[in-house]
Amino acid sequence: MEYRRTRGAILMAALAGLCVAALPVAASAQTMELRYGHMNPPTSAAGIQAQMLADAIAKNTSGQIKVTVYPSSQLGKLQELAEAVSTGTIALSHNTAGGIGSLYEPFGALDTPYLYRDYDHLMKVMDVESPVMKKLNEGLIKAAGVRVLYAYYFGTRQLTSNKPMLQPSDLAGQKIRAIPFPIYMAAVQGLGAIPIPVDWSEVPTALATGQVQGQENPVNVVLSSKLYETQSHLMLTGHIMNAQVIVINEKVWQKITQAQRDALSKAAQDVRKRASEMVKNQEAEETAKLKSLKMTVIGPDSGLKLDVYKASVNKVIQEKFGAKYGDLYKEIAAIK
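Take 0 as the starting number for the sequence shown in numbering that gives the first Met the number 0 and just add one per residue.
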């Protein structure tokens, strides 16, 4: 699936949209309201961190900037939200790195399966001050008028279905929901399944009706979205270590004062740390909770052939993205 945008359309929408993204609040000429739209439930990890950011910005700016959060795809679907920040229809949103790749293609490489050595490596790479992120952020600003504020640890993606899938051959012919961006479609193909692009807002229905037989997400999403109601098995494939990327419209960023930018950056770093630790510290507990809700959890100690999965996924990724992202992968690997 391709996502193409004309520069003219973006510029025209930006002229109209910037006024919507940053609305002055009637109570004070010095107060600016920014809209933050996202696709997750407000009680999910992603939803909680969005509100954390809104609260931190209000505190750090002494109320000069008010962020209003619109969860659960109220302002658009996954791709639409990415585009809305670019055009200025909304000021803030979060997305996967693969989703941001729809605005600036190289960004998608950050969601490559089995890319990071561990949690610490991911956090260092995804720091806005890392050499990789600095370069990608500059490209994103130039290409789409979107700036990364921060990226936090969103969890490690696992596979769910209604029967045990111990190796890629078990997934032959199975339709598995994939985030509708190239790196995710390739990941699901590498797992052995047929990738079916489905927007997040439509996933519960797609699982319930049998449009897809499974999906992949971090355990916090499986739990908060009650996917255990339609999925009986959780396979700990750990195929993508995920960061959620929070972005802001560049014209909004340039419009605010330097002191306000500093306040937003401080809020961003605080929320990044707190949200990442929240997700990381709860993963084991959430997996145990899913077991208590009668999901069968399968890992390498219970027959999951993780090495076979890794080899299969890496083969597909190398074929599709090795030439395109090879140098970037080397830069990521070099970060210690």
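Note that beta-carbon positions come from the ideal geometry of N, C-alpha and C, so glycine has one too.
Residue i and residue j look like a contact to me (Cβ under 8 angstroms); what is the Cβ gap, rounded to whole Å?
| i | j | result |
| --- | --- | --- |
| Leu121 | Tyr152 | 7 angstroms |
| Ile175 | Gly97 | In fact, because the Cβ distance is near 16 angstroms, the residues do not count as touching under 8 angstroms. |
| Ala262 | Ile56 | 7 angstroms |
| Ala45 | His93 | 6 angstroms |
| Arg217 | Leu190 | Residue 217 is actually Pro in this sequence, not Arg. About 16 angstroms; that fails the 8 angstroms criterion. |
| Leu102 | Leu139 | 6 angstroms |
| Lys304 | Val296 | Contact doesn't hold; Cβ gap of about 16 angstroms is too wide. |
| Ala53 | Val68 | 5 angstroms |
| Gly237 | Gln173 | So it is not a contact: roughly 19 angstroms between Cβ atoms. |
With 16 other CB atoms within 10 Å as the buried threshold, where does residue i fall?
| i | result |
| --- | --- |
| Leu33 | buried |
| Gln257 | exposed |
| Glu284 | exposed |
| Ala171 | exposed |
| Glu318 | exposed |
| Leu91 | buried |
| Leu325 | It should be pointed out that residue 325 corresponds to Gly in this sequence rather than to Leu. Classification of Gly325: exposed, given that the 10 Å Cβ count is below 16. |
| Leu292 | exposed |
| Ala310 | exposed |
| Ser301 | exposed |
| Val315 | buried |
| Ile43 | Sequence check: residue 43 is Ser here, not Ile. Its Cβ being crowded by 16 or more others within 10 Å, Ser43 is buried. |
| Lys329 | exposed |
| Gln48 | buried |
To which residues of the same chain is residue i closer than 8 angstroms at the C-beta, ignoring the five residues directly before and after it?
| i | result |
| --- | --- |
| Lys336 | Residue numbering for the chain in the displayed model covers 0 to 335; residue 336 lies beyond these limits and cannot be assessed. |
| Val124 | Leu109, Tyr115, Val131, Met132, Ile331, Ile334 |
| Ala207 | Thr229 |
| Val24 | At Val24, the pLDDT of 34 sits below 50, so the modelled position is not reliable; the number obtained from the coordinates is stated separately. These residues qualify, in order along the chain: Thr30, Met31, Glu32, Lys65. |
| Asn313 | Pro112, Tyr113, Gly189 |
| Arg271 | Tyr149, Ala150, Tyr151 |
| Glu356 | Residue 356 falls outside the range modelled here, since the chain spans only 0 to 335, and no answer is possible. |
For residue i and residue j, what's the separation of their Cα atoms in angstroms?
| i | j | result |
| --- | --- | --- |
| Glu137 | Pro181 | 22 angstroms |
| Ala185 | Thr286 | 26 angstroms |
| Gly321 | Ile193 | 21 angstroms |
| Met51 | Met164 | 37 angstroms |
| Thr95 | Arg146 | 14 angstroms |
| Leu226 | Asn39 | 13 angstroms |
| Val246 | Lys279 | 22 angstroms |
| Pro219 | Pro112 | Sequence check: residue 219 is Asn here, not Pro. For Asn219 and Pro112, the distance between alpha carbons rounds to 19 angstroms. |
| Met234 | Ser129 | 32 angstroms |
| Pro299 | Ser275 | 25 angstroms |
| Ala266 | Gly209 | 42 angstroms |
| Ser231 | Ser200 | 21 angstroms |
| Glu215 | Leu158 | 4 angstroms |
| Val211 | Arg260 | 43 angstroms |
| Asp117 | Leu327 | 18 angstroms |
| Asp306 | Arg273 | 33 angstroms |
| Gln268 | Lys250 | 21 angstroms |
| Lys58 | Met277 | 21 angstroms |
| Ser72 | Tyr308 | 32 angstroms |
| Leu77 | Lys254 | 26 angstroms |
| Val169 | Gln63 | A small fix is needed here, since residue 169 is Asp in this sequence, not Val. Answer to the nearest angstrom: the Cα atoms are 55 angstroms apart. |
| Tyr183 | Lys141 | 25 angstroms |
| Ser224 | Ser160 | 15 angstroms |
Who are residue i's beta bridge partners in DSSP?
| i | result |
| --- | --- |
| Glu228 | Note: Glu228 sits in no beta bridge, so no partner. |
| Ala177 | Pro196 |
| Leu158 | Glu215, Met234 |
| Val68 | Tyr35 |
| Arg146 | Ile247 |
| Tyr151 | Gln243 |
| Asn136 | Paired residue(s): none; Asn136 is not in a bridge. |
| Ser92 | Gly36, Val246 |
| Thr295 | His232 |
Short of 6 angstroms in beta carbon distance, which residues of its chain neighbour residue i, apart from the five on each side in sequence? Order them along the chain.
| i | result |
| --- | --- |
| Ile99 | Phe106, Val244 |
| Met338 | No statement about residue 338 is possible, as the shown extent of the chain runs from 0 to 335 and does not include it. |
| Ser27 | Note that Ser27 has pLDDT 42, beneath the 50 cutoff, so the model's placement of it is unreliable and no number is given. |
| Thr41 | Residue 41 is actually Pro in this sequence, not Thr. Excluding residues within five positions, the ones whose Cβ falls inside 6 angstroms are Pro70. |
| Asn248 | Ala20, Val84, Gly87, Ala90 |
| Trp252 | Arg146 |
| Ser61 | none |
| Ile195 | Lys174, Arg176, Val211 |
| Lys323 | none |
| Val187 | Ile175, Ala177, Pro194 |
Looking only at its chain, what residues have a beta carbon closer than 7 angstroms to the beta carbon of residue i, apart from the 5 residues adjacent to it on each side?
| i | result |
| --- | --- |
| Gly75 | Gly36, Ala83 |
| Ala205 | Arg176, Val197, Val211 |
| Val202 | Arg176, Gln214 |
| Lys162 | His232 |
| Glu79 | none |
| Asp126 | Met132 |
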